[in-house]
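The structure appears below as structure tokens.
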Amino acid sequence: MRPLILHPDRLFPTDPSVRPIARRLYEAVAGLPIISPHGHTDPRWFAQDQPFGNASELLLTPDHYVFRMLYSQGISLEAIGLVPNGGGGTSVDPRAAWRILAENYTLFRGTPSRMWLDWVFAEAFGLTVQLEAASADLYYDTITDALATEAFRPRALYDRFNIEVITTTESPLDDLAHHAAILAENDRTDGWKGRVLTAYRPDPVIDPQFDGFRDNLRKLSDLTGEDAFDYKGYLAAHRQRRAFFASMGATSTDHGHPTAATADLTDAEAQALFARVTADSVSDADAELFRAHMLTVMAGMSVEDGMVMQIHPGAYRNHNASLFTRFGRDKGADIPMATEYVHALRPLLSRYGNEANLTIILFTLDETSYARELAPLAGHYPALKLGPAWWFHDSPEGMRRFRNQMTETAGFYNTVGFNDDTRAFLSIPARHDVARRIDCGFLAQWVAEHRMEEWEAAELAIDLSYTLAKKAYKL
Amino acid sequence: MRPLILHPDRLFPTDPSVRPIARRLYEAVAGLPIISPHGHTDPRWFAQDQPFGNASELLLTPDHYVFRMLYSQGISLEAIGLVPNGGGGTSVDPRAAWRILAENYTLFRGTPSRMWLDWVFAEAFGLTVQLEAASADLYYDTITDALATEAFRPRALYDRFNIEVITTTESPLDDLAHHAAILAENDRTDGWKGRVLTAYRPDPVIDPQFDGFRDNLRKLSDLTGEDAFDYKGYLAAHRQRRAFFASMGATSTDHGHPTAATADLTDAEAQALFARVTADSVSDADAELFRAHMLTVMAGMSVEDGMVMQIHPGAYRNHNASLFTRFGRDKGADIPMATEYVHALRPLLSRYGNEANLTIILFTLDETSYARELAPLAGHYPALKLGPAWWFHDSPEGMRRFRNQMTETAGFYNTVGFNDDTRAFLSIPARHDVARRIDCGFLAQWVAEHRMEEWEAAELAIDLSYTLAKKAYKL
Amino acid sequence: MRPLILHPDRLFPTDPSVRPIARRLYEAVAGLPIISPHGHTDPRWFAQDQPFGNASELLLTPDHYVFRMLYSQGISLEAIGLVPNGGGGTSVDPRAAWRILAENYTLFRGTPSRMWLDWVFAEAFGLTVQLEAASADLYYDTITDALATEAFRPRALYDRFNIEVITTTESPLDDLAHHAAILAENDRTDGWKGRVLTAYRPDPVIDPQFDGFRDNLRKLSDLTGEDAFDYKGYLAAHRQRRAFFASMGATSTDHGHPTAATADLTDAEAQALFARVTADSVSDADAELFRAHMLTVMAGMSVEDGMVMQIHPGAYRNHNASLFTRFGRDKGADIPMATEYVHALRPLLSRYGNEANLTIILFTLDETSYARELAPLAGHYPALKLGPAWWFHDSPEGMRRFRNQMTETAGFYNTVGFNDDTRAFLSIPARHDVARRIDCGFLAQWVAEHRMEEWEAAELAIDLSYTLAKKAYKL
């Protein structure tokens, strides 16, 4: 079996005149606490602190980054333990599923998944050989055994990972019971002190094409006592739920739309549109216009209540129709699309872009907009900040392209540091570590080119690793 | 005269901590046989093994990469010996044409053409000084004299270049007589053993806007005995010709469409559309829809007969209207266009994308789709693989961008190695050599960043140089 | 206070095997005269040679690169001395405005503005400490005092900066009085010999959506004696003003359109369209079509009179509606847009693209078109040349992307060297210096990769720094 080595210089520039600078910058930020202001971990983990299951349940079957790659090479999802819709559990032995991953681990060469997994294997579980067919059982047993111990419970990992705060993402219809339980725990004198915040993600009650949209509005009415089928009641219900989320610690909202379109309708137009999108059938154009209008409405509510607004546009969800029919959402078939921002954001920015107290954090899956559209917009509008390289671009080369293409026009201070945006809890330190290494390498390169002094880079390294995220998200 | 030097370290990373790794990786792949699974050499060369003509006929007038650059700086095509339509040959002395190239060779600084030509000059013809005005005649004579010798016949060059297999591209209307002659030669005990395969390129009978489309259908009817003006007969004729091509050794089809649009019509819709596109005049929309539908049909036939399907979309052909009128096709005026894939490919992929036994190799001229669309699609769909950096991007920087932007999301194993896609036979080893150098340099960089071990890079170098192409094209 | 250091190796590659080559190349071009063939300095400066005002008036309030960044972080434009429309001057103390810049100078880390300003501080004003709160007054006094001296008059700076020729940009309605004054001065035996040319920028009389378009046509009629509301008279007026500009030394025209659309209408179509766009209200489509048609008309006039044609497409002007209402144009809110060239330029190129005596210099704000569209177009059409990395891309990384993505397909000789395109006069040497450093670093890298010989790179360095601009603009 081959040794598994996480080299201390990994991801640093190779140039001998640059690497030592990167090392020095990184040394000062490697140990900073993790601010995780946006992601998809499950608050239940921290509320109930139950052990995770076996290696496959933890690291393989829930991670569509991982199984999409196996699938792309002809391995069926069933073979690794995924369950088709309506199926009542899998008959696949999790150890057998793990072996498939091990036998095909060469497929991940060069991918961020490989880097994150290797960190989890080496740093979280202490494994010292590479994952391959020969080490599959060693891996499976080591990981599964560890997960049964106290040290691998969610709260213990949170503490060990040096997380200062982590944010989950919930629907307005969520009762936030887990967050309430965590807050109660926080309040106990000898209780666990981890901070697990929620974020207000209203897509299920804003997107007329969301599964169960009208049911969701009914639930929203029930929850709030407002008539969510009446436009004014609908807005009041949003305000009420936002206030509830804020009272539970939320500092941000999040909006995952197919495009970046915004609109700023008159009340009369909005009411008429709302009547149409809450009817039996909705046209694509009406759905798009309503989503667009609601982004501007949400920005207005953020001006009122101070919640930071995140926009995540540009994914074609569930591109693989037959896979979606069989397995449902989040199966690795969401594909980025070209996304236009200049015209799309203008209605919202014309209305609220000059508000210095509003923060809109914009993400993109379309790197072509970095230098062309997003950096110029963020380098001008007080309300607009740029989220880090997102999703497939949350990778060493992706982050380098982000800094290379954003920095000269937007500067560093119109960006908001790093967030991991993941449900793979164990990979969170690895992801932040990659970001810190890449940012330190980037800064070191510019120091070596005499574009800034090393003391400036050292300040920036801390800002990018820690301070900017904390400040932008008001944490 | 200045010396002509092909430095052994050319195109390797300059970083002293990376270059030695690149050298080691390259050393192990430099001598591997050439797999050339897609290109446009003329099978007649290998069937008849006649000598090539003079230096200008071989290297200047047929190569639109070369003469487009001269043309862009105001040199007329007539001056270098190209013949306008209907003209009966050129009165230009080929030596004079060659002198024009020599005098303007500085224009090629920094271009891949310069690199390929210098390889041909130095390695194929043994020239030791740079091409410039002063060396024009030396070059012309050296090359022209060599071409008259046995060692420069097509088969001798094939053997000397260490080509294992080369694929040409033919219309379904081609009788493949040259390929038959080569197969017969292969079968002779002491015959030449070179493998020259064909690929099925049905654009002339699929694209309703192809010159002579209806004539082509008539010929297709004649060839097959099917009524190619009847939709069912038309499909049967395709099946028959595909079977014939396969019987002659073809393992792949190739489709050069203006866009990546696919469609999946019902039989009734397809029949009605076919009636319209085979009529006297065809609308742009109908032509586009028929091409789109036929890509899906061809994928279906590939599922049946196992032929690998290549798609080459995104060129605006013959952009220069007056040049096209005077000189015809392939005169350096084909210009890449922005190309959308996410919506375009969905009909085909929804129908056949999950077929693990189907291989669709997709090329693009639009690098913006690398990280955004193509890598995510290929990193998910079992049927989809990514062709190498194509055409203008078949260049050192173009290949680097390809690897940089594709690898993290698609991995290496959803790509298919290198192909040269050229009709410039003598440049084929140079092109493969450039690709091997760039890939080894790319891998060396990642080794030096500790993103993989050197033994992994060594495996990958062989895969990218040889194995992946052989496997993907079933050679 | 921290020292301000302009390191002699700044912006060179850091690789120890490349940097010495870059140094050698740069040494030979650092002192070459500046050719500034396109920009927006004020000819009045050179005609009247009056002193500039204080530090803020010179460097802060007119430079939207600088104040947009402050604004993006919540600093109001009023606070730094900008005056809303209709306001009669500012009550802000320029020293107080300067202090705001000083206190927030960290925002500029990593931006080209920081690099240009630091050059102006260190090289033009001899400052030896960094700009920060503690040095704000020292800076303000040093700069303001210097500006009152003879050595900082516009002509003295022109001479000191080693400018060989500088081009401004004027409307056809301009009487070019300042240029006339400069020419008269040039003619005096002991007069100042600086060359300050104009360029013909007809947007105000070509774009039907330009503020005051019909008034402008009235003025054009008055100036020329032609009826500029009649299409033939309108064209004659253009010819007359172009001839006047040429007689005053202009060698170029410039066209700033929202898109790159061109059209080639018949006379009858053009006359009918002209009647519509000169009427009371104009549709967006008619305005676009007229601009498109006029680009082709202007190209035709350039074939006649030999003026070089520049096209600057792709900016969404005045994106921030409320800021525009309050402060007007050029306030940092012009945002680049995706720009299509392949279809857009075809009408013009079909008509005039094969004219070897015509030079069209094309700029873009959309880097995605570099390798995909512009390099292939310029690598084919004799009339087309590529302007340098423009605007936000006039930056170290922007220039590197330009060379990286353009060179392999367009070559170096279809580009036209550098131009600064600025109204910030003092930054001009800094901008040319950045371009020379980046180009030398780029060439050094390719030498070190053995893609060209060092003597070839040395020739190219001079071409890119000096010769190409001079030749392309016929200076």
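For the protein sequence lines, the chains are W, B and F, in the order given. Counting from 1, one number per residue, gives the positions in the first sequence under the working numbering. Counting from 1001, one number per residue, gives the positions in the second sequence under the working numbering. Counting from 2001, one number per residue, gives the positions in the third sequence under the working numbering. Just so you know, even glycine gets a beta-carbon here, dropped at the ideal spot from N, CA and C.
Could you check the C-alpha separation between residue i and residue j for me, to the nearest Å?
| i | j | result |
| --- | --- | --- |
| S1072 (chain B) | T2253 (chain F) | 22 Å |
| E1185 (chain B) | H1343 (chain B) | 47 Å |
| I462 (chain W) | T415 (chain W) | 13 Å |
| V2282 (chain F) | M2309 (chain F) | 26 Å |
| S2076 (chain F) | A2097 (chain F) | 11 Å |
| Y158 (chain W) | S302 (chain W) | 30 Å |
| G2087 (chain F) | L295 (chain W) | 35 Å |
| R2329 (chain F) | T168 (chain W) | 43 Å |
| V51 (chain W) | G387 (chain W) | A small correction: the amino acid at residue 51 (chain W) is Pro; Val does not occupy that position in the sequence shown. Near 33 Å, if we compare the C-alpha coordinates of G387 (chain W) and P51 (chain W). |
| L2289 (chain F) | S2322 (chain F) | 29 Å |
| W2446 (chain F) | L1131 (chain B) | 19 Å |
| A1270 (chain B) | A333 (chain W) | 29 Å |
| V1297 (chain B) | A1236 (chain B) | 12 Å |
| L1127 (chain B) | D1141 (chain B) | 11 Å |
| Y2466 (chain F) | L1011 (chain B) | 28 Å |
| P1376 (chain B) | L2365 (chain F) | 27 Å |
| A55 (chain W) | W390 (chain W) | 27 Å |
| D2015 (chain F) | R436 (chain W) | 23 Å |
| E2373 (chain F) | M2337 (chain F) | 15 Å |
| P13 (chain W) | H2293 (chain F) | 51 Å |
So residue i and residue j are in contact, right, with Cβ under 8 Å, and what is the actual spacing, rounded?
| i | j | result |
| --- | --- | --- |
| I2163 (chain F) | I2034 (chain F) | 5 Å |
| A199 (chain W) | H38 (chain W) | 7 Å |
| M1115 (chain B) | H1179 (chain B) | M1115 (chain B) to H1179 (chain B), Cβ: 31 Å. No contact. |
| S2036 (chain F) | I2428 (chain F) | 6 Å |
| A2371 (chain F) | F1392 (chain B) | 7 Å |
| A444 (chain W) | V18 (chain W) | 5 Å |
| G1110 (chain B) | F2412 (chain F) | 6 Å |
| T1278 (chain B) | R1214 (chain B) | 7 Å |
Please confirm whether any heavy atom of the ligand FAD lies closer than 7 Å to the CB of residue i.
| i | result |
| --- | --- |
| A2383 (chain F) | Summarising the ligand content, the structure contains no ligands, and the ligand FAD is consequently not present. |
Which partner residues of residue i appear in the DSSP bridge assignment?
| i | result |
| --- | --- |
| D254 (chain W) | W:Q310 |
| I2361 (chain F) | F:Q2310 and F:K2385 |
| I2100 (chain F) | None; I2100 (chain F) has no bridge partner. |
| V2196 (chain F) | F:I2166 |
| V129 (chain W) | W:P3 |
Taking any Cβ of chain B, which residues in the segment 354-368 of chain W have a Cβ under 9 Å from it, in chain order?
Flagged, chain order: L365, D366, E367 and T368.
Interface residues of the segment 72-97 of chain W facing chain B [CB-CB below 7 Å]
Going along the segment 72-97 of chain W in chain order, one finds S72, Q73 and G74 with a Cβ nearer than 7 Å to chain B.
The segment 223-235 of chain W in contact with the segment 190-204 of chain W per 3-pair CB rule at 8 Å
Flag = no, the segment 223-235 of chain W and the segment 190-204 of chain W do not touch.
Within 8 Å, do at least three Cβ pairs link the segment 397-412 of chain W to the segment 1403-1413 of chain B?
In short, these stretches touch, since the Cβ pair count reaches three.
I'd like to know if the segment 1015-1029 of chain B and the segment 1453-1462 of chain B are in contact, where contact means that at least 3 CB-CB pairs between them fall below 8 Å.
Touching, per the Cβ criterion.
Check each residue of the segment 9-26 of chain W: if its Cβ is closer than 9 Å to any Cβ of chain F, include it; give the result in chain order.
Contact annotation: in the segment 9-26 of chain W, residues whose CB is within less than 9 Å of a CB in chain F are P13, D15, P16, S17 and V18.
Any contact between the segment 58-73 of chain W and the segment 200-217 of chain W? By contact I mean 3 or more CB pairs, one from each, below 8 Å.
Using a Cβ-Cβ distance cut-off of 8 Å, the segment 58-73 of chain W and the segment 200-217 of chain W are not in contact, since fewer than three pairs of beta carbons, one from each stretch, lie closer than that value.
Taking beta-carbon pairs under 7 Å, can you tell me which members of the segment 58-73 of chain W lie near chain B?
Only those residues of the segment 58-73 of chain W whose C-beta falls short of 7 Å from the nearest C-beta of chain B are listed: R68, M69, Y71, S72 and Q73.
Which residues, in chain order, does the segment 2422-2451 of chain F contribute to contact with chain B at a C-beta distance below 8 Å?
Per Cβ criterion, the list reads Q2445, W2446, A2448, E2449, H2450 and R2451.
Check each residue of the segment 2336-2356 of chain F: if its Cβ is closer than 8 Å to any Cβ of chain W, include it; give the result in chain order.
For chain W, the residues of the segment 2336-2356 of chain F that bring a beta carbon within less than 8 Å of one of its beta carbons are P2336, M2337 and A2338, in chain order.
Using a Cβ distance threshold of 8 Å, determine whether the segment 264-274 of chain W contacts the segment 339-358 of chain W, with at least three qualifying pairs required.
The answer is yes - the segment 339-358 of chain W touches the segment 264-274 of chain W, with three or more Cβ pairs under 8 Å.
Using a Cβ cut-off of 8 Å, which residues of the segment 309-333 of chain W contact any Cβ in chain B, in chain order?
Under the 8 Å Cβ criterion, the segment 309-333 of chain W contributes Y316, H319, N320, A321, S322, L323, G332 and A333.
For the segment 2454-2471 of chain F, which residues have a beta carbon sitting closer than 7 Å to at least one beta carbon of chain B?
Of all residues in the segment 2454-2471 of chain F, only E2456 and L2460 come within less than 7 Å of chain B when Cβ atoms are compared, listed by chain position.
Tell me which residues of the segment 376-392 of chain W have at least one Cβ-Cβ distance to chain F shorter than 7 Å, keeping chain order.
For the segment 376-392 of chain W, which is checked against every Cβ of chain F, the residues closer than 7 Å are P376, L377, A378, G379, H380, Y381 and P382.
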